[in-house]
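What follows is a short report on a single structure.
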Amino acid sequence: MKKIISLFFLIIAFSFSGNVYSQVDSTTLNSSSITSNTTLSRTTTYIMKGFNYIQSGATLTIEPGTKIYGDFETKGTLIIQRGAKIYANASANDPIVFTSEKPAGQRAAGDWGGIIILGRSAINTSTGADSAEIEGFGPGLGPIYGGQPVINDDSSGVLRYVRIEFPGVNLTGVSGNEINGLTMGGVGSRTVIDYVQVSFSGDDSFEWFGGNVNCKHLIAYKGIDDDWDTDNGFRGSVQFGLSVRDTGLVDISTSNGFESDNNNNTPNNYNTPRTKPVFSNMTVIGPYGEIGWNVSSLWGRGGHLRRNTQLSAYNSIIMAWKVGLRFDGSGVGNAAQADTIQIRNTILAGNIRLADSTGTGSFSPQEWLRTPAFGNTIFDVNSSVQLTAPFSIYPEVPLPGTNVNNWMPLGGSPALSGANFNNPNLAGLEQVTFRGAFGTENWSDNWAQFNPKNYTVIGINQLSTVVPDKFSLSQNYPNPFNPSTKIQFDVKNITNGSSNVKLVVYNMTGKEVSTLVNEKLSSGSYEVDFNGSNLSSGVYYYRLSVDGFTETKKMSLIK
Numbered sequence: 298m299k300k301i302i303s304l305f306f307l308i309i310a311f312s313f314s315g316n317v318y319s320q321v322d323s324t325t326l327n328s329s330s331i332t333s334n335t336t337l338s339r340t341t342t343y344i345m346k347g348f349n350y351i352q353s354g355a356t357l358t359i360e361p362g363t364k365i366y367g368d369f370e371t372k373g374t375l376i377i378q379r380g381a382k383i384y385a386n387a388s389a390n391d392p393i394v395f396t397s398e399k400p401a402g403q404r405a406a407g408d409w410g411g412i413i414i415l416g417r418s419a420i421n422t423s424t425g426a427d428s429a430e431i432e433g434f435g436p437g438l439g440p441i442y443g444g445q446p447v448i449n450d451d452s453s454g455v456l457r458y459v460r461i462e463f464p465g466v467n468l469t470g471v472s473g474n475e476i477n478g479l480t481m482g483g484v485g486s487r488t489v490i491d492y493v494q495v496s497f498s499g500d501d502s503f504e505w506f507g508g509n510v511n512c513k514h515l516i517a518y519k520g521i522d523d524d525w526d527t528d529n530g531f532r533g534s535v536q537f538g539l540s541v542r543d544t545g546l547v548d549i550s551t552s553n554g555f556e557s558d559n560n561n562n563t564p565n566n567y568n569t570p571r572t573k574p575v576f577s578n579m580t581v582i583g584p585y586g587e588i589g590w591n592v593s594s595l596w597g598r599g600g601h602l603r604r605n606t607q608l609s610a611y612n613s614i615i616m617a618w619k620v621g622l623r624f625d626g627s628g629v630g631n632a633a634q635a636d637t638i639q640i641r642n643t644i645l646a647g648n649i650r651l652a653d654s655t656g657t658g659s660f661s662p663q664e665w666l667r668t669p670a671f672g673n674t675i676f677d678v679n680s681s682v683q684l685t686a687p688f689s690i691y692p693e694v695p696l697p698g699t700n701v702n703n704w705m706p707l708g709g710s711p712a713l714s715g716a717n718f719n720n721p722n723l724a725g726l727e728q729v730t731f732r733g734a735f736g737t738e739n740w741s742d743n744w745a746q747f748n749p750k751n752y753t754v755i756g757i758n759q760l761s762t763v764v765p766d767k768f769s770l771s772q773n774y775p776n777p778f779n780p781s782t783k784i785q786f787d788v789k790n791i792t793n794g795s796s797n798v799k800l801v802v803y804n805m806t807g808k809e810v811s812t813l814v815n816e817k818l819s820s821g822s823y824e825v826d827f828n829g830s831n832l833s834s835g836v837y838y839y840r841l842s843v844d845g846f847t848e849t850k851k852m853s854l855i856k
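In the working numbering, the protein residues as written are 298 to 856.
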């Protein structure tokens, strides 16, 4: 009954008159097997229930601004099968959002399943088979990735400007057999994964099983298990990645930044293609923010390299972990000494222990990391990195949560220089001077959300990119309203391409009761939803401020 009531109010909230979110669709993604091209519209809110398979030959297109809510009871999950495609190509001003169906303040890790993308790029397995079931479903139940024919330049489509919030769930009760936030199995090099944020994942935020997809601009925020997990022959690259941990969110299996294995057999399986990912410009922030913090013993390492992986990291920041890097097993130790594992031009700071090893014989990881030719920078304390406010995330960052500069380097930060792209492993990557995810430009602005627990999901929507001839603020509709209404406004042509737009609601005394918009927007027409369910009946005012323009209008909430 609670579920029915909750869904009823969700439908009501999205159904007040207007052009956006006038429909709620709980059938398109309801344990579906989709065999023909299908489009999800921004004018519809989708409830995703059970396992939804996009079958070979079909393409799922998701319009910018579309919202998909994962069902809690059925653990709604989206699976892109081999030969199928997802085309979710959004923008910074209008991201696609997969999130929890629960209201603000009640969302939590593991509220729904996640997104799984499967392809035919080569993988390895401990048995030597060239295909495997993706984890999370139990033996004999999982969809297949890899296999014949091998297509290393396979395309599974586009994921660009997409948020995945509160996914990651154990469906079988067996540890290590969970659905991640974004799972990629055998995904090929023509697939585009760019500007994707996974927040509050109940398992790993991102996990790659084989394949060679190259990814950019990824954010793993407050996940439970590992941030960047690579297995089964993944050999693509990831450039510009931010991961941030919360001291209170840790997995019983030990939580790491990077975790990397050749496959699940240890210690002597060198099956090919080897797990050999290249990470560059990563900012990997652990839970040890300040001396004296009470941090669980379950926290692990900034990177756990094991089971014969050949992971390499360049131009990055690894800070605030119990151990910066662990080198696990003779295969890993030998690879480091043979230069097939490389850590170069990377800042390691504030880690309780710089590095350790097990099963690597006489190999000394601390001495190895300090090799002058490697160009690494070692600091004892986190503050030496000079990031803006890397640990100001408790309990959550202030709303609106979309323009957060906590992980930007301050002027004079050692992160602003020291990068090097001469290494042949970095061929094809974007060459920058800075180390870590950010230089002087914050690529997370507008589209990323750093307070997904408490923001209003329906949010702001761009109705048109046609450039208006003036700034304007429209009367809300419906008016009077109870409890939701919509407000439209126009942003005219702006010299620098975008400007900070602020839309604030005040009560009769002039007290601010809600900030609906406080972010940079390009020219166009927009609509924002306002929900007054926590306010009493009365007259309220809303004010638009942008580029010296200010306009205020009145609205009435009648309960």
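Ideal placement from N, C-alpha and C gives every residue a C-beta, glycine not left out.
1. Where does Ser-609 fall in DSSP's three states?
2. Starting from Asn-631 and walking both ways along the alpha helix (DSSP H), at which residues does that stretch end?
3. Taking C-beta to C-beta, are Tyr-518 and Val-541 nearer than 9 Å?
4. Taking the alpha-carbon positions, what's the Gln-607 to Trp-409 distance?
5. If you draw a straight line from the C-alpha of Glu-462 to the C-alpha of Ser-811, how long is it?
6. Rounded to the nearest angstrom, what separates Ser-613 and Asp-450 at their Cα positions?
7. Do the region 710-727 and the region 639-650 make contact, defined as three or more Cβ pairs closer than 8 Å?
8. When burial is assigned at 16 or more other CB atoms within 10 Å of the CB, is Val-484 buried or exposed?
9. Out of Lys-817, Ser-853, Gly-845, Asn-758, which one is the CA nearest neighbour of Met-805?
10. Return yes when the Cβ of Asn-679 is within less than 9 Å of the Cβ of Ala-734, no when it is not.
11. Distance check for Thr-657 and Ser-498, CA to CA, integer angstroms please.
12. According to DSSP, simplified to helix, strand and coil, what is Trp-665?
13. Name the one or two DSSP bridge partners that Lys-767 has.
14. In terms of residues, what are the limits of the beta strand (DSSP E) holding Asn-349?
15. Is the CB-CB distance between Ile-359 and Thr-336 below 9 Å?
16. Give the DSSP-derived three-state secondary structure of Asn-722 in the structure shown.
17. May I have the straight-line CA-CA distance separating Met-705 from Ser-842, to the nearest angstrom?
18. Note the first and the last residue of the continuous beta strand (DSSP E) segment covering Glu-462.
19. Run through the DSSP bridge pairs and tell me what Gln-785 is partnered with.
20. To the nearest angstrom, how far is the alpha carbon of Ile-413 from that of Ala-610?
21. Beta-carbon within less than 8 Å of Ala-419's beta-carbon, same chain only, minus the 5 sequence neighbours each way: which residues are those?
22. What's the gap between the Cα of Lys-399 and the Cα of Asn-828?
23. To the nearest angstrom, how far is it from the Cα of Ile-377 to the Cα of Tyr-458?
24. Name, in chain order, the residues that DSSP records as bridge partners for Pro-706.
25. To the nearest angstrom, how far is it from the Cα of Ala-652 to the Cα of Gly-367?
26. Would you grab the beta carbon distance between Asn-648 and Ser-423 for me? Rounded to a whole angstrom, and I think it's under 8 Å.
27. To which residues of the same chain is Pro-662 closer than 6 Å at the C-beta, ignoring the five residues directly before and after it?
28. Please go through the same chain and pick out, in chain order, the residues whose beta-carbon is closer than 8 Å to the beta-carbon of Leu-468, but skip the five residues on each side of it.
29. Quick one: what does DSSP say Phe-269 is sitting in, helix, strand or coil?
30. Can you check DSSP and say which residues form a bridge with Ile-556?
31. Is the separation between the beta-carbon of Asn-773 and that of Thr-782 shorter than 9 Å?
32. Tell me which residues share the same chain as Leu-515 and place their Cβ nearer than 6 Å to its Cβ, disregarding the 5 neighbours each side in the sequence.
33. My understanding is that Val-825 touches Val-836, with C-beta atoms under 8 Å, so please give their C-beta distance in whole angstroms.
34. Go ahead and pull the three-state DSSP assignment for Ala-652.
35. Let me check one thing: in DSSP terms, what residues is Trp-505 bridge-paired to?
36. May I ask you to list the residues that DSSP assigns as paired with Asp-322?
Judging by the given coordinates:
1. Residue numbering aside, residue 609 sits at position 312 when the sequence shown is read from its first letter. In the structure shown, Ser-609 sits in a strand (DSSP, three-state: E or B).
2. Position 334 of the sequence shown, counted from the first residue, corresponds to residue 631. Per DSSP, Asn-631 belongs to the alpha helix (DSSP H) from 627-634.
3. Position 221 of the sequence shown, counted from the first residue, corresponds to residue 518. Position 244 of the sequence shown, counted from the first residue, corresponds to residue 541. Yes; because the gap between Cβ atoms is below 9 Å, this pair is in contact.
4. Counted from its first residue, the sequence shown places residue 607 at position 310. Counted from its first residue, the sequence shown places residue 409 at position 112. Looking at the two C-alpha atoms, the distance is approximately 33 Å.
5. Here residue 462 refers to the residue found at position 165 of the sequence shown. Here residue 811 refers to the residue found at position 514 of the sequence shown. In a straight line, the C-alpha of Glu-462 is about 23 Å away from that of Ser-811.
6. Walking along the sequence shown from the start, residue 613 turns up at place 316. Walking along the sequence shown from the start, residue 450 turns up at place 153. Going by C-alpha positions, Ser-613 is about 27 Å away from Asp-450.
7. Here the region 710-727 lies against the region 639-650, with 3 or more beta-carbon pairs under 8 Å apart.
8. In the sequence shown, counting from the first residue as 1, residue 484 sits at position 187. Result: buried.
9. Residue mapping note: residue 805 aligns to position 508 of the sequence shown, counting from 1. Nearest C-alpha to Met-805: Ser-853.
10. As a first step, residue 734 must be located in the sequence shown, where it is residue number 437. As a first step, residue 679 must be located in the sequence shown, where it is residue number 382. No, they are not a contact pair.
11. Here residue 498 refers to the residue found at position 201 of the sequence shown. Here residue 657 refers to the residue found at position 360 of the sequence shown. Rounded to whole angstroms, Ser-498 to Thr-657 spans 32 Å at the Cα level.
12. Taking the first residue of the sequence shown as position 1, residue 665 is located at position 368. It is helical.
13. As a working mapping, residue 767 is identified with position 470 in the sequence shown. Residue pairing by DSSP places Lys-767 opposite no residue, since no beta bridge is assigned to it.
14. Taking the sequence shown and counting its residues from 1, the one referred to as residue 349 is at position 52. Unbroken beta strand (DSSP E) run through Asn-349: 348-351.
15. To locate residue 359, count along the sequence shown from 1; it is residue 62. To locate residue 336, count along the sequence shown from 1; it is residue 39. In this structure, the beta-carbon distance from Ile-359 to Thr-336 falls below 9 Å.
16. Here residue 722 corresponds to residue number 425 of the sequence shown, with the count starting at 1. In the three-state DSSP reduction, Asn-722 falls in the helix class (H, G or I).
17. Taking the sequence shown and counting its residues from 1, the one referred to as residue 705 is at position 408. Taking the sequence shown and counting its residues from 1, the one referred to as residue 842 is at position 545. Distance between the alpha carbons of Met-705 and Ser-842: 26 Å.
18. Residue numbering aside, residue 462 sits at position 165 when the sequence shown is read from its first letter. Per DSSP, Glu-462 belongs to the beta strand (DSSP E) from 454-462.
19. Taking the first residue of the sequence shown as 1, we reach residue 785 at position 488. According to DSSP, residue pairing for Gln-785 in a beta bridge involves Glu-824.
20. Residue 413 sits at position 116 when you count from the first residue of the sequence shown. Residue 610 sits at position 313 when you count from the first residue of the sequence shown. Approximately 25 Å between the Cα atoms of the pair.
21. In the sequence shown, residue 419 corresponds to position 122, counting from 1. Taking Ala-419 as the centre and dropping the five residues before and after it, the same chain places the C-beta of Asp-427, Gly-443, Val-447, Asn-449, Gly-483, Gly-507, Gly-508, Asn-509, Gly-530, Pro-570 closer than 8 Å to its C-beta, in chain order.
22. Taking the sequence shown and counting its residues from 1, the one referred to as residue 399 is at position 102. Taking the sequence shown and counting its residues from 1, the one referred to as residue 828 is at position 531. Taken atom to atom, the span from the alpha-carbon of Lys-399 to that of Asn-828 is near 15 Å.
23. Taking the sequence shown and counting its residues from 1, one reaches residue 377 at position 80. Taking the sequence shown and counting its residues from 1, one reaches residue 458 at position 161. Ile-377 and Tyr-458 have their alpha carbons spaced roughly 18 Å apart.
24. In the sequence shown, the residue the question calls residue 706 occupies position 409. Its beta-bridge partners are Leu-684.
25. To locate residue 652, count along the sequence shown from 1; it is residue 355. To locate residue 367, count along the sequence shown from 1; it is residue 70. Roughly 39 Å between the two C-alpha positions.
26. The count along the sequence shown starts at 1 and reaches residue 648 at position 351. The count along the sequence shown starts at 1 and reaches residue 423 at position 126. Incorrect: roughly 31 Å between the Cβ atoms, too far for contact.
27. Against the sequence shown, residue 662 aligns to sequence position 365. In the same chain as Pro-662, and ignoring 5 residues on each side of it, the C-beta atoms closer than 6 Å to its own belong to Phe-624, Ala-652, Ser-654, in chain order.
28. As a working mapping, residue 468 is identified with position 171 in the sequence shown. So the list reads Lys-372, Gly-410, Gly-433, Phe-434, Gly-435, Asn-474, Glu-475, Ile-476, once near-sequence residues are dropped.
29. The requested residue 269 does not occur in the structure, where the chain is confined to residues 298 to 856.
30. As a first step, residue 556 is located in the sequence shown; it is residue number 259 there, counting from the start. With the sequence shown as reference, residue 556 is identified as Glu, and Ile is not the correct amino acid for it. Beta-bridge annotation (DSSP): Glu-556 is paired with Asp-526, His-601.
31. In the sequence shown, residue 773 corresponds to position 476, counting from 1. In the sequence shown, residue 782 corresponds to position 485, counting from 1. The answer is yes: Cβ separation under 9 Å.
32. As a first step, residue 515 must be located in the sequence shown, where it is residue number 218. Cβ within range, chain order: Val-493, Gly-538.
33. On the sequence shown, residue 825 is found 528 positions in, with the first residue counted as 1. On the sequence shown, residue 836 is found 539 positions in, with the first residue counted as 1. With a contact defined as Cβ atoms closer than 8 Å, Val-825 and Val-836 miss out at about 19 Å.
34. Counted from its first residue, the sequence shown places residue 652 at position 355. In the structure shown, the three-state DSSP call for Ala-652 is strand.
35. Walking along the sequence shown from the start, residue 505 turns up at place 208. Trp-505 is bridged to Met-481, Thr-527.
36. The sequence position of residue 322 within the sequence shown is 25, counting from 1. Under the DSSP definition of a beta bridge, Asp-322 partners with Tyr-343.
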